[in-house]
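So the protein sequences, as listed, match chains S, R and Z.
Per the UniProt record's numbering, the very first residue in the first sequence carries number 1; after that it's consecutive.
Per the UniProt record's numbering, the very first residue in the second sequence carries number 1; after that it's consecutive.
Per the UniProt record's numbering, the very first residue in the third sequence carries number 1; after that it's consecutive.
Quick reminder that beta carbons are idealized off the backbone N, C-alpha and C, glycines included.
Fair warning: this is a prediction, and the values are worked out from it, not measured in the lab.
Note sheet for the following structure.
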Amino acid sequence: MNILVEILVCVLLLIGGFFVLVGSLGLCRLPDVYTRLHAPTKATTVGMGGILIASMVLMTYEQGYFSVHELLITLFLLITAPITAHMLAKTALHHENRALRRTRSQHLIASAREQQPPAAPDSPNHD
Amino acid sequence: MLNTTIFIVSGAVCIALVLNLWRLLRGPDLSDRILALDTMYINSIALILLYGMHMGTNLYFEAALLIAMLGFVSTVALCKYLLRGDIIE
Amino acid sequence: MSRSFWLPMPLHSLLLFVAWLLLNNSVEPGHLVLAAFLAWTIPLLCAPLKTDQPRVLKPLLAARYVLRVLGDIVTANIDVAILVLSPMRKLQPGFIAIPLDLKEDLPITVLASTISLTPGTVSAEVSEDQKWLYIHALHITDEQALIAEIKARYEAPLKEIFGC
């Protein structure tokens with residue numbers, strides 16, 4: 001097997017694996033539900049992207065014709081990741097999950113839940 | 001070299017799955033558990049693709065695509081259920 | 001019959017055509033015919049479900065926007081990875097309300113998705129009158145600068161692309 005292709009595939013795989021691991025580590029380490037939303041939805045898009053592109057390169061090289069159908073999964077994940085994040089953020093808001101104490105502008109949580117324009121910072125909703 | 005790398009990356013994805021499982025069991029809220037489940041779906045796609053690369057076949061691609069679609073739909077359905085108490089209004 | 005009757009959603013047709021070819025991983029004539037057939041009939045069946053949305057007026061600018069977002073996703077991931085691996089004490093999360101200049105559903109959806117995919121921000125909710133977008137940021141150093149950057153980097157091109 002061509003050494004250059006092998007190195008390329010290995011580097012892509014290692015990048016992908018690193019980001020998948022960091023995403024899950026973030027899921028464990030981050031302190032509250034809103035911050036936890038960030039780690040997996042972001043890190044898995046590039047992590048999966050790396051692994052899928054590596055698979056694409058390897059399959060193209062081994063089978064001798066363009067094997068691009070992994071792009072479909074990459075595209076699907078890229079389109080669905082923000083929707084999942086949005087739905088989860090909505091759910092967390094709806095369940096009135098406690099944000100981290102030092103989170104800034106917590107008075108926005110109440111108006112975001114009610115889908116209203118932001119209330120003034122000194123309103124009674126502020127805690 | 002390639003086989004070693006695939007082994008290492010599979011190990012990393014497995015550790016990631018265990019971390020997700022920990023979050024799934026620990027909670028503390030339902031939205032945390034759904035988030036953990038969604039991440040588990042995505043990580044299992046990675047694992048299936050790595051296995052496909054190890055075996056050198058294209059056959060596992062369809063399985064990965066199906067898991068991606070089912071994972072997305074089930075996450076959205078669960079969120080919708082928690083939001084409204086109903087999936088189809 | 002008019003063109004919009006026989007080909008109600010040209011962009012969706014193209015997407016379906018490409019997706020079918022990708023799914024089968026081939027460009028054989030048989031698959032081309034089948035892809036063309038599906039790309040023609042599925043939008044025809046789905047046309048009654050369509051709601052009026054602003055059209056993409058500048059495809060070239062849209063392509064550049066997609067490339068820029070893809071580049072930003074990579075930097076987003078590096079930023080988030082550094083934040084996740086550094087001590088949690090230093091983290092300063094917060095909610096931000098961004099005033100929206102966009103009006104229609106589709107541009108706002110695209111903007112919200114872009115914000116979710118890029119550095120340390122997740123869009124959480126849109127206000128009922130579609131004038132405010134609530135986002136949660138993982139690490140805020142300067143709130144006003146973040147709002148200005150999002151408006152200049154993502155909202156302004158979208159406004160130009162959709163022409164609203």
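Exercise for review: Would you mind working out which of Z:Trp-20, Z:Leu-45 and Z:Ala-97 sits nearest Leu-34 of chain Z, comparing C-alpha positions?
Suggested key: Closest in C-alpha terms to Leu-34 of chain Z, from the list Z:Trp-20, Z:Leu-45 and Z:Ala-97, comes Z:Trp-20.
Exercise for review: On the DSSP bridge assignment, give the partners of Ala-97 of chain Z in chain order.
Suggested key: Checking the DSSP bridge columns, you'll see Ala-97 of chain Z partnered with Z:Tyr-134.
Check your understanding: The alpha helix (DSSP H) spanning Ala-85 of chain S covers which residue range?
Key -> Unbroken alpha helix (DSSP H) run through Ala-85 of chain S: 70-94.
Check your understanding: Helix, strand or coil: how does DSSP classify Thr-75 of chain R here?
Key -> Looking at Thr-75 of chain R - three-state DSSP - the assignment turns out to be helix.
Point to revise | Min CB distance Asn-125 of chain S to chain R below 8 Å | key: Residue placement at Asn-125 of chain S is poorly supported in this model, since its pLDDT is 44, which falls under 50; the coordinates are not used for a value here.
Practice item. Please compile the residues from chain Z whose C-beta is within a distance smaller than 9 Å of the C-beta of residue 128 of chain S. Key: Residue 128 of chain S lies beyond the stretch modelled for chain S, which goes from 1 to 127, so this question has no answer here.
Review point. Taking C-beta to C-beta, are Val-22 of chain S and Leu-138 of chain Z nearer than 8 Å?
Key: No, these two residues do not count as a Cβ contact at 8 Å.
Exercise for review: Please work out which residues of its chain come closer than 8 Å, Cβ to Cβ, to Leu-91 of chain Z, disregarding the five sequence neighbours upstream and downstream, and give them in chain order.
Suggested key: Same-chain partners within the cutoff: Leu-83, Leu-138 and His-139.
Point to revise | Neighbouring residues, chain S, relative to Asn-20 of chain R (Cβ below 7 Å) | key: Counting only Cβ-Cβ distances below 7 Å, Asn-20 of chain R has contacts in chain S at Ser-24 and Leu-27, in chain order.
Practice item. Can you say whether Cys-79 of chain R is buried or exposed, counting buried as having 16 or more other CB atoms within 10 angstroms of its CB? Key: It counts as buried.
**Study point:** Check whether Leu-57 of chain Z and Pro-8 of chain Z have beta carbons under 8 Å apart
**Key:** No Cβ-Cβ contact shorter than 8 Å links Leu-57 of chain Z with Pro-8 of chain Z.
Review point. Could you give the residue range of the alpha helix (DSSP H) that holds Val-27 of chain Z?
Key: Per DSSP, Val-27 of chain Z belongs to no alpha helix (DSSP H) and is neither H nor E.
Check your understanding: How would you call Asn-2 of chain S, buried or exposed, if buried means at least 16 neighbouring beta carbons within 10 angstroms?
Key -> Classification for Asn-2 of chain S: exposed.
Practice item. With DSSP as the reference, label Thr-51 of chain Z as helix, strand or coil. Key: Three-state DSSP puts Thr-51 of chain Z in coil, outside helix and strand.
**Study point:** Boundaries (first-last residue) of the alpha helix (DSSP H) holding Val-9 of chain R
**Key:** Taken as a continuous stretch (DSSP letters only), the alpha helix (DSSP H) holding Val-9 of chain R covers 2-26.
Review point. Within the 8 Å Cβ cut-off, does Ile-45 of chain R reach chain S?
Key: With its beta carbon less than 8 Å from one in chain S, Ile-45 of chain R belongs to the interface.
Check your understanding: Quick one: complete beta strand (DSSP E) runs, 3+ long, within the stretch 57-113 of chain Z?
Key -> Scanning the stretch 57-113 of chain Z for uninterrupted beta strand (DSSP E) segments of 3 residues or longer gives 94-99, listed from N- to C-terminal end.
Review point. With 8 Å set as the bound, which would you pick, yes or no: does the beta-carbon of Gly-30 of chain Z sit closer than that to a beta-carbon of chain S?
Key: No, because no Cβ of chain S sits closer than 8 Å to the Cβ of Gly-30 of chain Z.
Exercise for review: Determine, using beta carbons only, whether Ala-36 of chain R comes closer than 8 Å to chain S.
Suggested key: Contact with chain S is found for Ala-36 of chain R, since one of that chain's Cβ atoms lies less than 8 Å from the residue's Cβ.
Review point. If you count every other CB in all the chains shown that lies within 10 Å of the CB of Tyr-41 of chain R, and 16 or more means buried, which is it?
Key: Tyr-41 of chain R sits buried, since 16 or more C-beta atoms from the chains shown fall within 10 Å of its C-beta.
Exercise for review: Entirely within the stretch 13-64 of chain S and at least 4 residues each: give me those alpha helix (DSSP H) ranges in chain order.
Suggested key: DSSP runs (the alpha helix (DSSP H)) wholly in the stretch 13-64 of chain S: 33-36 and 38-63.
Point to revise | Nearest-angstrom Cβ-Cβ length linking Phe-76 of chain S and Asn-77 of chain Z, presumed shorter than 8 Å | key: In this structure, Phe-76 of chain S and Asn-77 of chain Z do not form a Cβ contact; the two beta carbons are roughly 18 Å apart against a cut-off of 8 Å.
Review point. Closest Cβ-Cβ distance between Ser-31 of chain R and chain S: below 8 Å?
Key: For Ser-31 of chain R, the answer is yes, since a Cβ of chain S falls inside 8 Å of its Cβ.
Check your understanding: Just reading off the alpha helix (DSSP H) that Thr-39 of chain R is part of, what are its end residues?
Key -> For Thr-39 of chain R, the uninterrupted alpha helix (DSSP H) segment begins and ends at 30-55.
Review point. Which residue comes first and which comes last in the alpha helix (DSSP H) that contains Glu-125 of chain Z?
Key: First-last for Glu-125 of chain Z: 121-126, but that is the beta strand (DSSP E), not the alpha helix (DSSP H).
Practice item. Find out if the Cβ-Cβ distance for the pair Ala-81 of chain S, Leu-37 of chain S is shorter than 8 Å. Key: In this structure, Leu-37 of chain S does not lie closer than 8 Å to Ala-81 of chain S by Cβ.
Practice item. May I ask you to list the residues that DSSP assigns as paired with Arg-104 of chain S? Key: Looking at the DSSP output, Arg-104 of chain S shares a beta bridge with Z:Gly-94.
Review point. Hey, is Tyr-65 of chain S close to the ligand FAD, as in C-beta under 7 Å from one of its heavy atoms?
Key: Inclusion of the ligand FAD in the displayed structure is not the case, the ligand content being empty and no account of it being possible.
Point to revise | Member of R:Leu-19, R:Ala-68, R:His-54 and R:Cys-14 whose CA lies at the smallest distance from the CA of Cys-10 of chain S | key: Nearest to Cys-10 of chain S by C-alpha distance, out of R:Leu-19, R:Ala-68, R:His-54 and R:Cys-14, is R:His-54.
Check your understanding: How would you write the range of the alpha helix (DSSP H) that Pro-157 of chain Z sits in, first residue to last?
Key -> Here the alpha helix (DSSP H) through Pro-157 of chain Z covers 156-162.
Check your understanding: Does the beta carbon of His-94 of chain S sit closer than 8 Å to a beta carbon anywhere in chain R?
Key -> Yes, His-94 of chain S lies at the interface with chain R (some Cβ there is under 8 Å from its Cβ).
Check your understanding: With 16 other CB atoms within 10 Å as the buried threshold, where does Met-88 of chain Z fall?
Key -> Its Cβ having fewer than 16 others within 10 Å, Met-88 of chain Z is exposed.
Review point. Exposed or buried, what is Trp-6 of chain Z when buried is set at 16 or more other beta-carbons lying within 10 Å of its beta-carbon?
Key: Trp-6 of chain Z sits exposed, since fewer than 16 C-beta atoms from the chains shown fall within 10 Å of its C-beta.
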